Amino acid sequence: MSFGKLKSASLPRIQAPSGDWNCHLYKNLNMKLSTKLIHAGTEPDPSTGAIMTPIYQTSTYVQEAPGQNKGYEYARSQNPTRKALEDALAVIENASYGLAFSSGVAATDAVIKLLNPGDEVIAASDMYGGTYRLFTKIFEKYGIVFHYVNMQDANNIIPYINNNTRLIWTETPTNPLINISDIAEIAGIARERKILVCVDNTFASPYLQNPLDLGADIVLHSSTKYLGGHSDVIQGGLMMNDVALRDQLYFIQKSCGAVPGPMDCFLVLRGIKTLHVRMERHCENGEKIANWLRNHPKVGKVYWCGFEDHPGYAVAKKQMRGFGGMMSFTLKEDSMEATMKLLSATKLFALAESLGGVESLINHPATMTHASIPREDRIKNGLSDSLIRLSVGIEDVDDLIEDLEQAIG
Ligand SMILES: Cc1ncc(COP(=O)(O)O)c(C=O)c1O
């Protein structure tokens with residue numbers, strides 16, 4: 209008996225991915241969101257009964273004979289820890305399928321790789337700077353055409369639609385100006401013209417918003433943010449309902465290879481289990497801080513979609529279950545000097561890129577997360593040099609306010 213046969217025969221059966229990719233089972237179960245978040249994708253490990261999904265730290269799987277395997281051949285194509293996470297991703301976005309990628313940007317990259325040279329994309333004019341960089345600096349040179357449109361009014365999209373339009377890319381709320389676009393309206397415009405809609409749902413998280421339920425075709429998450437929730441992992445996710453779309457994206461995932469390692473999958477899987485309790489606190493703290501900032505005599509404009517006079521408030525109220533902990537603001541003294549002074553003065557709010565972790569972060573989009581957008585375009589879209597972005601964490605809100613108070617002075 210060969211080593212392979214001996215080893216393979218003694219291995220316990222693990223849940224194979226073949227024929228079991230979809231999550232209709234979970235979808236049809238009438239579980240509330242909090243329950244889904246804890247149980248999505250995870251089952252006790254069949255080999256030991258371990259309640260937590262093991263980290264299958266392996267690159268390959270022993271086969272009984274060529275082509276005879278337990279559904280796992282090579283870890284770029286399949287990994288049981290990743291499979292559990294991908295099932296969970298599907299469940300929490302009310303999707304049929306989920307796919308995990310090595311970063312949010314890698315997930316974006318996979319979606320654009322669905323397209324061919326000459327295809328056109330209508331994208332939101334205010335979005336994460338790295339998405340803009342990927343579109344302009346990488347994909348434009350392969351002949352994909354991008355139009356950047358203010359999507360706060362979905363009708364702005366219509367003049368840009370032509371026979372080559374394949375994809376509408378939106379982000380809501382946007383990073384960093386917290387603009388809101390109406391997902392159902394955009395999806396309505398796209399559906400009758402057979403154009404795909406992808407929504408970057410990173411800022412809202414599945415706890416606050418589910419774009420597939422509103423008619424989108426693909427949801428994207430930088431799982432680095434609220435899904436992971438602890439600033440300890442870089443990862444991305446895509447969720448969709450259409451099997452043909454899932455198959456194409458799986459093919460891209462496997463062929464281009466931007467897959468996350470099993471340890472990182474485990475971390476996101478664990479993060480998802482507490483998403484609801486974290487998000488509740490992010491929303492609670494976010495509301496208090498946004499209102500406090502708005503009443504501060506030295507603060508200029510506060511961008512937070514929970515204000516009743518926010519231009520996207522009605523849409524946010526309709527399509528979201530809360531307003532989140534992301535916000536931006538300017539100082540009345542609208543100078544770089546005052547902005548820089550404040551950014552260096554906070555003690556609890558750490559000056560760092562990223563968002564969505566349990567700890568509060570402060571960020572300067574113009575020089576940090578959105579530095580790759582040309583200044584002229586940034587300013588045109590309302591992203592001023594002095595804009596400050598906050599990712600409000602889940603610390604005690606009084607301590608956070610005290611920190612901002614001493615920093616603003
Ligand atoms: C809204 C949004 N989408 C996508 C990304 C990219 O995600 P990642 O950093 O995981 O590649 C980010 C990162 O900040 C983001 O804020």
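So the sequence shown is numbered by our numbering: it starts at 209 and just counts up by one.
Heads up, the beta-carbon is just placed ideally off N, CA and C, and yes, glycines get one too.
Fair warning: this is a prediction, and the values are worked out from it, not measured in the lab.
Asked, Found
"Beta carbon of G444: closer than 8 Å to some heavy atom of ligand 1?", "yes"
"Would the stretch 522-530 and the stretch 411-429 be scored as touching if the rule is three or more Cβ pairs under 8 Å?", "yes"
"Does A273 pass the burial test, meaning 16 or more other C-beta atoms within 10 Å, or should it be called exposed?", "exposed"
"Following a CB-centred definition, is V313 positioned closer than 8 Å to any heavy atom of ligand 1?", "yes"
"Does at least one heavy atom of ligand 1 sit under 8 Å from the Cβ of K160?", "There is no way to answer for residue 160, as the model of the chain reaches only from 209 to 617."
"Give a yes or no on whether the C-beta atoms belonging to V353 and D327 are separated by under 9 Å.", "yes"
"What do you get for Q360, buried or exposed, if any count of 16 or more other CB atoms within 10 angstroms of its CB means buried?", "buried"
"Where A560 and R597 are concerned, what is the direct C-alpha to C-alpha distance, given to the nearest angstrom?", "10 Å"
"When you compare the stretch 238-256 with the stretch 456-469, are there three or more beta-carbon pairs, one atom per stretch, that lie closer than 8 Å?", "no"
"Please classify V407: does DSSP put it in a helix, a strand, or coil?", "strand"
"Put K506 into one of helix, strand or coil per three-state DSSP.", "coil"
"Give a single yes or no on whether Y336 has its beta carbon closer than 8 Å to a heavy atom of ligand 1.", "yes"
"Going by beta carbon distance, what residues of the same chain come within less than 6 Å of T547, once the five residues before and after it are set aside?", "S594"
"What are the boundary residues of the alpha helix (DSSP H) that I442 is part of?", "Segment: none, I442 is in no alpha helix (DSSP H) and carries neither H nor E."
"Report all residues from its chain with a CB closer than 6 Å to the CB of A248; omit the five preceding and five following residues, and keep chain order.", "A296, V299 and I300"
"Out of S568, G564 and T339, point me to the one whose CA is closest to F557's CA.", "S568"
"Per DSSP, which one or two residues make a beta bridge with F537?", "V510 and I596"
"Please name the residue, chosen from A395, L404, L385 and E584, that lies closest to L322 on a Cα-to-Cα basis.", "L404"
"Given a threshold of 16 other Cβ atoms within 10 Å of its Cβ, counted over all protein chains shown, does D440 qualify as buried or as exposed?", "exposed"
"Quick check: what's the CA-CA separation for L245 versus E541?", "44 Å"
"Kindly give me the distance between the Cβ atoms of G437 and G601, rounded to whole angstroms, as I take these residues to be in contact under 8 Å.", "About 10 Å separates the two Cβ atoms, so there is no contact after all."
"Does any heavy atom of ligand 1 sit closer than 8 Å to the C-beta of S536?", "no"
"Need the endpoints of the beta strand (DSSP E) that E379 sits in, please.", "T373 to E379"
"Taking just the CA atoms, how far does A308 sit from N230?", "Because the pLDDT of N230 is 42, which lies under 50, any placement of that residue in the model is unreliable, and the number read from its coordinates should be weighed accordingly. If I take the Cα positions, the gap works out to 14 Å."
"Mind checking whether the beta-carbon of N383 lies closer than 8 Å to any heavy atom of ligand 1?", "yes"
"Under a three-way DSSP split, which group does S430 fall into?", "strand"
"Suppose you measure from the CA of G212 to the CA of E348; what does that come to, to the nearest Å?", "At G212, the pLDDT of 31 sits below 50, so the modelled position is not reliable and the matter cannot be decided from this model."
"Shortest alpha-carbon distance to D425 belongs to which of D450, T410, Q443 and F411?", "D450"
"By Cβ distance, which residues of its chain are closer than 6 Å to A331, with the 5 residues on each side in sequence left out?", "F354, Y356 and W377"
"Would a C-beta distance cut-off of 9 Å place A362 and I386 closer than the cut-off?", "no"
"From the DSSP output, which residues share a beta bridge with H355?", "I330"
"Please report the Cβ distance between N589 and S333, rounded to the nearest whole angstrom; I am assuming they are in contact, meaning their Cβ atoms lie under 8 Å.", "5 Å"
"Have a look at L608 and E400 and give me their C-alpha separation to the nearest angstrom.", "47 Å"
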